[in-house]
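Only one structure is covered here, and it is reproduced in the block below.
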DNA sequence: TGTTATTGTTGGCATAAAGCCACTAAATTG
DNA sequence: CAATTTAGTGGCTTTATGCCAACAATAACA
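Now the structure itself:
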């Protein structure tokens with residue numbers, strides 16, 4: 014049994030060199046989320062070919078073993094090629110592989126989740142590329158290509174579960190932002206209201222934000238809010254517990 | 014840009030059908046942990062062939078696109094083939110892929126973490142298969158095959174971070190067990206002492222254990238401890254926060 | 001047959017974090 | 001200069017955790 018390994022590999026290599034070994038196809042897919050008018054959206058692209066022609070899908074595609082140095086680079090590249098976006102936050106979620114998810118045969122896809130603020134490339138994405146931002150719920154209601162409904166759900170779950178102990182939603186906001194905007198981002202991602210005082214206490218005591226001196230934008234109603242941006246250096250996820258439900 | 018997709022796939026398929034497309038090699042690897050005399054161990058197998066001949070490695074190997082229905086099944090099968098173990102707990106950790114981790118070229122491996130109690134197959138593993146249980150620290154100190162040092166570290170981190178909010182270490186114990194044994198399992202996995210009273214409060218109030226009527230084994234010193242086993246039905250991870258450090 | 005050592009189990013209070021809700025502050029509108 | 005709206009804080013209640021000492025049940029031993 015110690016050499017079932019050997020058997021396996023020798024068998025594989027022999028066949029591989031003979032050209033008939035069926036290694037699964039390997040792709041990367043990216044679920045990129047943003048907030049548009051307070052609502053969580055995901056970017057989908059419409060497939061131009063078979064299989065699943067015409068269906069909406071997560072941006073992604075085959076790894077290029079010539080140009081991609083690793084998986085995250087392949088994911089970033091695919092996202093950029095299809096949408097023009099350079100993902101500011103990218104995290105591996107999971108890998109799905111079986112005999113039936115792609116009609117062409119056994120295939121494997123590595124799923125990434127990405128987050129971005131909407132403003133920067135808003136018009137570009139909508140007009141130049143074939144991509145479109147969908148409200149998350151609409152995206153989940155339709156029949157996506159391959160097993161992308163499952164992948165999208167996995168990414169959504171990762172996002173919301175990680176939001177319970179990190180500040181991930183920060184990446185969906187344009188800077189600077191108010192604490193109220195930040196709280197609304199958390200609430201939208203978690204799908205549940207948060208207690209104002211507790212939220213502010215936790216975020217502020219975590220000491221990850223700094224007040225941007227900027228003047229609040231004119232035209233708002235009510236008392237103008239202080240503007241914040243993440244302190245330089247910590248960028249990604251800092252640990253902050255943001256559980257409480259209430260309101 | 015909307016059809017870089019098409020280009021890509023057509024290009025791929027053309028070459029694939031012509032037989033010269035280089036899809037990366039896809040493997041699964043399993044880091045299986047257990048407790049032996051209170052110490053965390055990981056199971057490694059010694060490689061019989063190149064590359065990395067003679068090196069210790071995580072059990073794993075190529076996906077069999079004929080017999081494996083999906084990735085987790087492939088992982089379970091590989092583990093069983095190489096060690097005789099049928100993993101009682103198996104969880105996907107991450108996927109590593111790049112041009113340099115395997116000298117044969119671009120390759121992708123999907124890493125799984127598994128947990129088991131030591132007793133059931135103890136002698137079998139050590140004598141019949143070419144596998145060996147290593148204390149985790151010794152395993153991490155040596156130079157493993159491929160990028161298995163990184164994979165092992167990723168699995169270890171997943172195990173300990175998830176132990177902060179689940180009862181994963183339960184799977185490393187033989188049933189029934191005492192609360193002290195359970196606490197020691199948590200402490201070994203977390204690498205930090207836990208406060209006795211708080212630990213028991215949390216575990217018991219989570220209502221996931223039931224007292225096994227069994228008589229405590231003879232020969233122990235001090236007051237005999239109550240014996241528990243997980244309540245049927247919840248098996249996997251139940252949410253229990255087990256943070257406190259103290260002591 | 002005590003006595004001591006050892007391990008398991010629980011009580012009870014101190015401290016810290018979170019929830020709650022009302023009050024104050026600063027702006028706009030008319 | 002009210003009324004309205006949104007931002008931000010004070011302060012009490014509730015809950016979770018840390019901590020440590022007491023009490024319980026067994027074995028080893030004098």
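Residue numbers (our numbering), protein chains in the order written: chain A, 14 to 260; chain B, 14 to 260. C-beta: ideal position from N, C-alpha, C; glycine also.
Which stretch, first to last residue, makes up the beta strand (DSSP E) that contains residue 211/A? First-last for residue 211/A: 209 to 218, but that is the alpha helix (DSSP H), not the beta strand (DSSP E).
Out of 168/A, 123/A, 79/A, 78/A, state which residue places its alpha-carbon closest to the alpha-carbon of residue 54/A. Selected option, being the one with the closest Cα: 168/A.
Is there a Cβ of chain B sitting closer than 8 Å to that of residue 128/A, yes or no? no
Between which two residues does the beta strand (DSSP E) holding residue 38/B run? 38 to 49
8 Å is my cut-off, CB to CB: does residue 242/B come that close to chain A? no
Quick one: list the residues of chain B neighbouring residue 119/A, beta-carbon separation under 7 Å, in chain order. 78
Cutoff 6 Å; reference residue 112/A; Cβ partners in own chain excluding five residues on either side: So the qualifying residues of the chain are 119.
Under a three-way DSSP split, which group does residue 188/B fall into? coil
Alpha helix (DSSP H) segment containing residue 163/B, residue limits: 161 to 176
Hey, which unbroken runs of the alpha helix (DSSP H) at 4 residues or more fall wholly within the segment 88 to 156 of chain A? Those alpha helix (DSSP H) runs which fall completely within the segment 88 to 156 of chain A and span 4+ residues are 135 to 140, 149 to 154.
Residues bridged to residue 242/A [DSSP beta-bridge criterion]: 223/A
Can you give me the start and stop residues for the beta strand (DSSP E) that residue 261/A sits inside? Beyond the ends of chain A as shown, which are 14 and 260, falls residue 261/A; an answer cannot be given.
Three-state secondary structure assigned by DSSP to residue 22/A: Annotation note: pLDDT 43 at residue 22/A (below 50); position unreliable, coordinate value reported separately. Helix.
Are the segment 198 to 206 of chain B and the segment 170 to 182 of chain B touching, with three or more C-beta to C-beta distances below 8 Å? yes
What number of angstroms, rounded off, separates the C-alpha of residue 206/A from the C-alpha of residue 60/B? 53 Å
Rounded to a whole number of angstroms, what is the C-alpha to C-alpha distance between residue 243/A and residue 229/A? Their backbone Cα atoms lie some 17 Å apart in a straight line.
Return no unless some Cβ of chain A is closer than 8 Å to the Cβ of residue 37/B. Yes, residue 37/B lies at the interface with chain A (some Cβ there is under 8 Å from its Cβ).
Counting only C-beta atoms, is residue 180/A closer than 8 Å to chain B at any point? no
For residue 232/A, the first and last residue of its enclosing beta strand (DSSP E): It is not in any beta strand (DSSP E) - residue 232/A carries neither H nor E in the DSSP assignment.
Given that residue 233/A touches chain B, what residues does it touch there, using C-beta distances under 7 Å? Here the premise fails: no neighbours, minimum Cβ distance about 38 Å.
According to the Cβ coordinates, are residue 191/A and residue 47/A closer than 8 Å? no
My understanding is that residue 91/B touches residue 58/B, with C-beta atoms under 8 Å, so please give their C-beta distance in whole angstroms. The pair is not a contact, with the Cβ atoms about 10 Å apart (cut-off 8 Å).
For residue 99/A and residue 49/B, the rounded distance between their alpha carbons: 47 Å
With 8 Å as the threshold, decide whether the Cβ of residue 205/A is near any Cβ in chain B. no
Which chain B residues are close to residue 123/A, counting only those with a beta carbon under 8 Å from its beta carbon? Near residue 123/A (Cβ distances below 8 Å), the residues of chain B are 108, 110, 121.
Checking 8 Å against the spacing of the C-beta atoms, do residue 39/A and residue 106/B come in under that value? no
With residue 204/A as the anchor, note down where its beta strand (DSSP E) starts and where it stops. Counting along the chain, residue 204/A falls outside any beta strand (DSSP E), and DSSP gives it neither H nor E.
Three-state secondary structure (DSSP) at residue 13/A? A question about residue 13/A goes unanswered here, because the residues of chain A that appear run from 14 up to 260.
With a threshold of 8 Å between beta-carbons, can residue 83/B be considered close to chain A, or not? yes
Can you name the start and end residues of the beta strand (DSSP E) that residue 73/B belongs to? 73 to 75
Same chain, Cβ closer than 6 Å to residue 110/A, neighbours up to 5 away in sequence not counted: 121
For residue 171/B, collect the residues of the same chain with a Cβ closer than 7 Å to its Cβ; drop the 5 residues on either side in sequence, then sort them by chain order. 106, 126
Looking at chain B, is there any beta carbon in it that lies within less than 8 Å of the beta carbon of residue 246/A? No, no contact with chain B.
Expressed to the nearest angstrom, what Euclidean distance is found between the alpha-carbon atoms of residue 65/B and residue 115/A? 34 Å
Going by CA-CA distance only, name the one from 240/A, 69/A, 236/A that's closest to residue 143/A. Cα-wise, what sits closest to residue 143/A is 69/A.
On the three-state DSSP scale, how would you describe residue 198/B? helix
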